[in-house]
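Below is one structure, written out as structure tokens, with a few remarks after it.
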Amino acid sequence: MNQQEDSTKIDRVKQVLTQLAEKNKDIQENGNEQTNQNSQINQNNKPQIQNGNQSLNQLKPSLSLNRKKSMDYLIPYIGLDIGGTVAKCCIAFKKGINVEFTHLAHLKIQTHSDFDLYFEDFPSNDLTELFEFIDEQEISNFTQKFYITGGGAHKYEEVIKKRLGVQVIKVQEMQSLSYGLKVLDMLLPNDSVYRFNQEKKQIEYIEQSNWMFPLILVQIGSGVSILKVKNKDEFERVSGTSLGGNVFLGIAHLLTGNNNFNQALKKASIGNNRNIDLFVSDIYKQIQSVPEDIYGDSLCVSFGRVKQMLKEGKEIKTEDLLQSALQMVAFNISQIAFLVARIHKIDHIFFTGYFIKNHTDTIGCIEEAVNYFSKSQEQNKKAFFLKHDGFLGALGSFYVAATDSKIKFKSKQEEQ
Numbered sequence: 001m002n003q004q005e006d007s008t009k010i011d012r013v014k015q016v017l018t019q020l021a022e023k024n025k026d027i028q029e030n031g032n033e034q035t036n037q038n039s040q041i042n043q044n045n046k047p048q049i050q051n052g053n054q055s056l057n058q059l060k061p062s063l064s065l066n067r068k069k070s071m072d073y074l075i076p077y078i079g080l081d082i083g084g085t086v087a088k089c090c091i092a093f094k095k096g097i098n099v100e101f102t103h104l105a106h107l108k109i110q111t112h113s114d115f116d117l118y119f120e121d122f123p124s125n126d127l128t129e130l131f132e133f134i135d136e137q138e139i140s141n142f143t144q145k146f147y148i149t150g151g152g153a154h155k156y157e158e159v160i161k162k163r164l165g166v167q168v169i170k171v172q173e174m175q176s177l178s179y180g181l182k183v184l185d186m187l188l189p190n191d192s193v194y195r196f197n198q199e200k201k202q203i204e205y206i207e208q209s210n211w212m213f214p215l216i217l218v219q220i221g222s223g224v225s226i227l228k229v230k231n232k233d234e235f236e237r238v239s240g241t242s243l244g245g246n247v248f249l250g251i252a253h254l255l256t257g258n259n260n261f262n263q264a265l266k267k268a269s270i271g272n273n274r275n276i277d278l279f280v281s282d283i284y285k286q287i288q289s290v291p292e293d294i295y296g297d298s299l300c301v302s303f304g305r306v307k308q309m310l311k312e313g314k315e316i317k318t319e320d321l322l323q324s325a326l327q328m329v330a331f332n333i334s335q336i337a338f339l340v341a342r343i344h345k346i347d348h349i350f351f352t353g354y355f356i357k358n359h360t361d362t363i364g365c366i367e368e369a370v371n372y373f374s375k376s377q378e379q380n381k382k383a384f385f386l387k388h389d390g391f392l393g394a395l396g397s398f399y400v401a402a403t404d405s406k407i408k409f410k411s412k413q414e415e416q
């Protein structure tokens, strides 16, 4: 292949990616045109929190003067996990209270104490929405200590102090994950842990009386951290990888011009990576039938069909590319997690983090990959998932806040 042919193919790839990005940008702009018109009037009045460099005038809180909350129902502690993409929040209200704010209702935990836990998430590149939520609930009126984990605990420390007038207590990231597990271990909600049924393509919750320690905990956020958790009190970070959620989000942004993680997942869910990837069966069919001892449905080459499709001038769909990118990231993380589990002789691998977000395609890929490696190497490794996958750090931060203030979490056994 000469230099001119190489240059022609590179130009063709650039042309296809440019067309896809422009197409998706047009769709996004048309869909958001009305929203932009409605929000433009209020835009100048919203304090934009970016990079922590705003003046104090922009950081003044706007508390509601006609409404005063009562300590009778707000538990004055908050746990935050501010990551590279999303800020996760865990707060508590006393039982029997009809809460008046938007929250992720399916994640609510009914504890065995006199309060229940609520969860919500916000963009972390602009903390305006998080601050507005805290103002509306008047949380900073009742507690002067905010317990925060994640990179944002350092990046936004001064912004949070000035904007809310509170003290920032930083919780070490790995510690917050371990404490998050500890809370779930004590509360034992029956719908907290689940596996993925590959045949039925559905989630199946596991009702347990105790946790399955020891375990490998795989936290998939912007990057990946892998912990060995011996029991609810002992843990250590044993590995990690840069191949995390931001790899998928970065590819999605290049393809669509949109950096919204939820929208990228939604678009990927309607894609078919078989149009883009090569599987073992595809490789063998070029020379012979697939041997009986080889699983032909295994992913072999991510984006393996793209070169030929470009050569033949075939249409390449954005959603197929996104599904391929999603599978690529999930499959490789699964393999690394499997190898770590094998080295440490641990069978239970728990996958958590905002990248998973109870997303069926992601979960299915991880389950399939762990099963494949386990069978091929005669291991008994199993993949487990947590309903509160992206909120483990926030839950752990709340636990530190509560225990520092002598608030006791009653276990299920103590309640009984």
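In terms of full-length UniProt numbering, the sequence shown is numbered consecutively and its last residue is 416. The beta carbon of each residue, even a glycine, is placed where N, CA and C say it ideally should be.
Which residues in the same chain as residue 223 place their Cβ atom closer than 6 Å to its Cβ, once the five residues preceding and following it in sequence are excluded? 242, 244
Could you give the uninterrupted runs of the alpha helix (DSSP H) lying entirely in the segment 250-319, keeping only those of 4 residues or more? 261-269, 280-285, 306-312
Measure the C-alpha to C-alpha separation of residue 316 and residue 263 and round it to an integer number of angstroms. In a straight line, the C-alpha of residue 316 is about 19 Å away from that of residue 263.
Helix, strand or coil for residue 106, going by three-state DSSP, please let me know. helix
Leaving aside the five residues before and after residue 197 along the sequence, list all residues of the same chain whose C-beta is less than 6 Å from its C-beta, in chain order. 204
What are the boundary residues of the beta strand (DSSP E) that includes residue 197? Taken as a continuous stretch (DSSP letters only), the beta strand (DSSP E) holding residue 197 covers 193-197.
Please determine, among 331, 341, 346, 345, the residue with the shortest C-alpha to C-alpha distance to residue 365. 331
With DSSP as the reference, label residue 241 as helix, strand or coil. strand
Are the segment 138-150 and the segment 391-401 in contact at 8 Å, needing three or more beta carbon pairs? yes
Which residue spans inside the segment 156-191 form an unbroken alpha helix (DSSP H) run of at least 4? 157-164, 173-187
Classify residue 270: buried if its beta carbon has 16 or more other beta carbons within 10 angstroms, exposed otherwise. Per the 10 Å Cβ criterion, exposed.
Put residue 221 into one of helix, strand or coil per three-state DSSP. coil
On the three-state DSSP scale, how would you describe residue 82? In the three-state reduction of the DSSP assignment, residue 82 falls in the strand class, which pools E and B.
Would you check if the segment 302-313 and the segment 323-330 touch, i.e. whether three or more CB-CB distances between them fall below 8 Å? yes
Cβ neighbours of residue 278 in the same chain (closer than 7 Å, five flanking residues each side left out): 300, 301, 304, 305
Residue range of the beta strand (DSSP E) that includes residue 349: 348-352
Mind reading off the beta-carbon distance from residue 298 to residue 372? Whole number of angstroms is fine, and I expect it under 8 Å. 6 Å
Cβ-Cβ distance between residue 178 and residue 235 below 7 Å: It is a contact, given that the beta carbons lie within the stated cut-off.
Verify whether the separation of the beta carbon atoms of residue 240 and residue 251 is less than 7 Å. no
Taking the straight line between their C-alpha atoms, what separation do you get for residue 143 and residue 246? 33 Å
Residue 77 bridges to which residues according to DSSP? Per DSSP, none; premise fails for residue 77.
Identify the continuous alpha helix (DSSP H) that holds residue 128 and give its terminal residues. 128-137
On a CA-only basis, which of 221, 354, 381, 361 is nearest residue 337? Give me that one, please. If we check each option's Cα against that of residue 337, 381 comes out closest.
Tell me which residue opens and which closes the alpha helix (DSSP H) that residue 373 is part of. 360-376
Taking only three categories from DSSP, how would you classify residue 116? DSSP places residue 116 in strand when its eight states are reduced to three.
Do the CB positions of residue 175 and residue 145 come within less than 7 Å of each other? no
The beta strand (DSSP E) spanning residue 149 covers which residue range? 145-149
First through last residue of the alpha helix (DSSP H) which encompasses residue 398: 392-404
Measuring CB to CB, does residue 454 end up less than 7 Å from residue 111? The chain is shown only over 1 to 416; residue 454 falls outside these bounds and no answer can be derived.
Whole-angstrom distance between residue 360 and residue 200, CA atom to CA atom: Across the structure, residue 200 and residue 360 are spaced so that their CA atoms are roughly 12 Å apart.
Within its chain, find whatever has a CB closer than 7 Å to the CB of residue 253; leave out the 5 residues flanking it on each side and keep chain order. 259
State the start and end residues of the unbroken beta strand (DSSP E) segment that holds residue 385. 382-386
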